[in-house]
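Report on one structure; see the data block that follows.
In mature numbering (1 follows the signal peptide of the UniProt record, and there is no 0), the protein residues as written are -21 to -1, 1 to 263.
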C-alpha cells in the first residue's frame, strides 16, 4: 500500500511539473448539499406549514458552485439561482454560511498559500485575507470512478466552527432555558473527519471551498453535514476566465471576521428574544 501511494505521489508530482510548464485552465462544477436539523419544539404549527418550511430550508442548502482554476490559483463562486414561481422572497433566510466566512467568492493561491473571501455579513462587505491551512491528509487504498475520472480516497481530521442556531433562536423561559454558559455559545467547535476523493488525472492540488493539498483535483468531499461532489469538468475551455483575487471590502483576518460574526450572532439572539421568540422552528 505504501509503495502504491508513493508511486502515485511521484507520478503526480512529475505531471504537476509538466502542467506548470503549460498555460492551461479548467472549470469544475460542484453540487453542494448541507443537512440542517430543524427542531419545531412544542410550537403549534400546522403540518403543511412545517412541510413548507422544511422544503424551503432544503432548497436553501442545495447549491451549485463553479471552480475556475489554473496551475497556481482558483476562484470558487456560487451560481445564482432563479427565484422559483410562488416562492416568497426567493425562499431566503439568514445566510448562515456568511457567519463563518464561507458564503462569498473564494480565491485560493496555492503558490503563495493564501486565500481571500469577499463576504457580505448583514449588509456589510468584508474581505477575509489569511493563510491557507494544510490538512494532514491520510491516503487510503479505496478508489472509484466519479464521472469519467478515477478517484482515490483520502481522509483528514479537521476542527470546524459552525453557528449554533439553537442558541440564537432559543425561546426565553420554559424547558428550553439553558445555563448562562450554553446561552453564550453562539458557535459550536468540534473535530470532524473529512473524506475526500481526488483524481491524479488532473494533477493540481486544488479543490472546492478551502479544500486543497492532495495530488490531484478534489472531485468530492464530505464532512459531518455537507457533501460536495463534482458534476462537470471542462479542461482548457474556449472562453478563458481571468482568475484574480477579490479586492473590495473591509480587509480582515479569519480570526477578526469570526469575532465580528460572533458579535452579530449575539445581536441576532437578543433581537429574537426581545421580540418574544416569535417565529417558526429552531434550527440546530
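In this text, a Cβ means the ideal position worked out from N, Cα and C, and glycines have one as well. Since the model is a prediction, treat every value here as computed from it, not as a measurement.
Inter-residue spacing [alpha-carbon to alpha-carbon] between residue 184 and residue 23: Annotation: residue 184 to residue 23 spans about 50 angstroms, alpha carbon to alpha carbon.
Under the three-state DSSP convention, the category residue 249 falls into: Residue 249: helix per DSSP, three-state reduction.
Nearest-angstrom Cβ-Cβ length linking residue 52 and residue 86, presumed shorter than 8 angstroms: Right, the Cβ-Cβ distance comes to about 7 angstroms (below 8 angstroms), so this counts as a contact.
The ligand FAD heavy atom lying under 7 angstroms from the CB of residue 230: This structure does not include the ligand FAD; it has no bound ligands of any sort.
Own chain residues within Cβ distance below 6 angstroms of residue 212, not counting five before or after: The beta carbon of residue 212 lies closer than 6 angstroms to those of 7 in the same chain, with the five residues before and after it left out.
Limits of the unbroken beta strand (DSSP E) element including residue 108: Looking at the DSSP string, the run of the beta strand (DSSP E) that includes residue 108 is 103 to 110.
Residues sharing a beta bridge with residue 237, DSSP: DSSP output for residue 237 lists no bridge partner at all.
Within 8 angstroms, strictly: CB atoms of residue 206 and residue 170: Contact flag unset, no.
Where residue 243 sits in the DSSP three-state scheme: Correct three-state label for residue 243: helix.
Cβ neighbour criterion (16 or more within 10 Å) applied to residue 225: Per the 10 Å Cβ criterion, buried.
Collapsed DSSP secondary structure at residue 130 in the structure displayed: Reduced to three states, the DSSP call for residue 130 is strand.
Buried versus exposed call for residue 220 [16 or more other C-beta atoms within 10 Å across all chains shown]: With fewer than 16 other Cβ atoms within 10 Å, it is exposed.
Cβ-based burial, residue 97 [other Cβ within 10 Å; buried from 16]: Only buried fits residue 97, as 16 or more other CB atoms lie within 10 angstroms of its CB.
Environment of residue 100 [buried if 16+ CB atoms lie within 10 Å]: A buried status is given to residue 100, since no fewer than 16 other beta-carbon atoms sit within 10 Å of its beta-carbon.
Whole-number beta carbon distance between residue 172 and residue 136, since they are thought to touch under 8 angstroms: Contact holds; Cβ gap of about 6 angstroms.
Run of the beta strand (DSSP E) containing residue 5, from where it starts to where it stops: Its beta strand (DSSP E) spans residues 5 to 13.
Spatial distance of residue 167 from residue 218 (CA atoms): Rounded to the nearest whole angstrom, the CA to CA distance from residue 167 to residue 218 is 42 angstroms.
Whole-angstrom distance between residue 204 and residue 243, CA atom to CA atom: Cα atoms of residue 243 and residue 204: separation of roughly 23 angstroms, rounded to the nearest angstrom.
Length of the line joining the Cα atoms of residue 129 and residue 199: The C-alpha of residue 199 is placed about 12 angstroms away from the C-alpha of residue 129.
Simplified DSSP assignment, three categories, for residue 199: In the structure shown, residue 199 sits in a strand (DSSP, three-state: E or B).
Neighbour-count burial assignment, residue 178, 16 or more Cβ in a 10 Å radius: Residue environment: residue 178 is assigned as buried (16 or more neighbouring CB atoms within 10 Å of its CB, all protein chains considered).
Beta-carbon proximity list for residue 125, same chain, < 8 angstroms, skipping 5 on both sides: Excluding sequence neighbours, residue 125 sits near 176, 178, 198, 199, 208 and 209.
Neighbour-count burial assignment, residue 113, 16 or more Cβ in a 10 Å radius: Under this definition residue 113 is an exposed residue.
Beta-carbon proximity of residue 133 to residue 193, cut-off 8 angstroms: Yes.
Where residue 30 sits in the DSSP three-state scheme: Of the three classes helix, strand and coil, the one that applies to residue 30 here is helix, per DSSP.
Segment limits, beta strand (DSSP E) that includes residue 217: Here residue 217 belongs to no beta strand (DSSP E), and DSSP marks it neither H nor E.
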